[in-house]
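Let me begin by presenting the structure, written as structure tokens, before commenting on it.
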Amino acid sequence: MALICDTGGIYALYDADDGHHDAVKAVVEAEPGTLYLPTILLAEIDYLLNERLGVDATLDFLASVESGAFTLVDPTSEDLLRCGELVQRYRDLPLGLADASVIATAERLRLKRILTLDQRHFRIVKSSAFAHFVLLPADLD
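Under our numbering, the residues of the sequence shown are numbered 3 to 143, in order.
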């Protein structure tokens, strides 16, 4: 199996004081498959890590990416079109480009499982590929 990562899940992985850190870390450590990370999220992850934890956290994250802990996924033109559809359809949430890119990439790669703390957005959005997403670590309960 494999899963796709959202910003909140990545942030919690690097913040040992985050209330979800242990659960997220357990999911990542138990995951036998690939951890996909849309490149659209990189700037958002960088911002949160730098602002809240400092440059060392960002450097740790970059070292993890470089070592292959995450597989970066660039958006296709179809992904960007799908992002636009999702942002438009769910504009009242609001759903932003970052979350829309996770959904579009998950649909394209047929990844039903998302490492995220954002249940609000990912439970509401209707996927074109699945009846619903499996949100980890929440759906482990």
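Here a beta-carbon is modelled for each residue, glycine too, at the ideal position from N, C-alpha and C.
- When secondary structure is reduced to three states using DSSP, T41 falls in the helix class.
- Per the DSSP secondary-structure output, C85 pairs with nothing in a beta bridge.
- Residue pairing of I116 in beta bridges, as defined by DSSP: I6, L137.
- Taking a C-beta distance under 8 Å as the contact criterion, L138 and I105 do not qualify as a contact pair.
- A straight-line Cα-Cα distance of about 30 Å links P77 and A18.
- By the beta-carbon neighbour count (other beta carbons within 10 angstroms, threshold 16), V127 is buried.
- By the neighbour-count definition (other C-beta atoms within 10 Å, threshold 16), L61 is an exposed residue.
- Cβ neighbours of A100 within its own chain (closer than 7 Å, five residues either side excluded): T9, I42, L43, E46.
- Annotated as distal: I12 and T107, with beta-carbon spacing of 8 Å or more.
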